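One structure is given here, and the rest of the page talks about it.
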Ligand code: FES
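This is the structure in structure tokens:
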């Protein structure tokens, strides 16, 4: 017995998983921005939209003229970006003006690539270029099945075939657009209303680097674990760092000597999305994924999108060796 797969039907649905993924992701991205108290907090907050605009400008983004314009009205452009992502996500999920939604998604991804991901090295660690590529099939094919576009198109054809005026079909499309736009605005407004106050997440968590103990009070740490890893004092350059692996987990740890005789250690896992930060340069750890920066002496956030300082590991000196706790404090 031979089994014939309905290849035509499968082909028609081939883009459905991609459409679902992009639709859900863009809705989520828009709502997360609208619900994030840091997003519109302004220049004092390293995780704010304005701080990220300024960071992209400082990195000579090729979209600098656009960014300078956006900087004049950060609340308006930041809100428009969040609602733009929500509109693209809803249009893609529901398949309403699917090609137009895909074009919007491609423009947003290109803009984010030229700004937020521009300095990501190597390029494949930045995800905006991948999103730009992912929009292309939907831009070419539109959303011809399981979509409001298909449903409205079938109804329009039926009405025209039965001699009804074009006006009713246009009214039907207009009603669908108004319903989706209204639903998106309502969801966005409710999310924005529910956001809490800005908390002090961008501040360092452990005070200034202490003495040889490295803890907030300069004494031996009470946190972390007894299990740790050792390194010779002579291996840690002043102003530089040596990278270690936490025993067991293998998590990256950087031991730094910000000034002669002062040692501290930080987790190398970026608090934004977990990429390993680069060794410190000019007093800062920089994350290669989305360009967050952390103070190499305190671990504090210097530039978002990260909002939490790098976790500190306790350091104790014993003669010519440093003992670093395997877990953060
Ligand atoms: S993982 Fe996103 S900035 Fe580090």
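In this note's numbering, the protein residues as written are 4 to 332. All C-beta atoms in this analysis are idealised placements derived from N, C-alpha and C, irrespective of residue type, glycine included. Treat the numbers as computed from the prediction; the structure is a model and nothing was measured.
Buried or exposed (CB count within 10 angstroms, at least 16 for buried), residue i
i, result
"residue 77", "buried"
"residue 150", "buried"
"residue 268", "buried"
"residue 125", "exposed"
"residue 108", "buried"
"residue 248", "exposed"
"residue 45", "exposed"
Backbone secondary structure at residue i - three-state DSSP
i, result
"residue 281", "coil"
"residue 255", "strand"
"residue 219", "For residue 219, the pLDDT reaches just 28, beneath the cut-off of 50, and the residue's location in the model is therefore unreliable, although a value from the coordinates is still provided. Three-state DSSP puts residue 219 in coil, outside helix and strand."
"residue 116", "helix"
"residue 290", "coil"
"residue 197", "helix"
"residue 328", "strand"
"residue 39", "coil"
"residue 236", "helix"
"residue 165", "coil"
"residue 148", "coil"
Contact check, residue i vs residue j, beta carbons under 7 Å
i, j, result
"residue 286", "residue 295", "no"
"residue 319", "residue 235", "no"
"residue 69", "residue 56", "no"
"residue 246", "residue 255", "yes"
"residue 13", "residue 140", "no"
"residue 92", "residue 24", "no"
"residue 128", "residue 292", "yes"
"residue 42", "residue 31", "no"
"residue 270", "residue 331", "yes"
"residue 157", "residue 117", "no"
Closest Cα partner of residue i within the set the options
i, options, result
"residue 103", "117, 87, 115", "87"
"residue 177", "143, 196, 155", "155"
"residue 272", "251, 119, 101, 311", "311"
"residue 265", "243, 153, 105", "243"
"residue 22", "137, 79, 279", "137"
"residue 153", "195, 325, 329, 15", "15"
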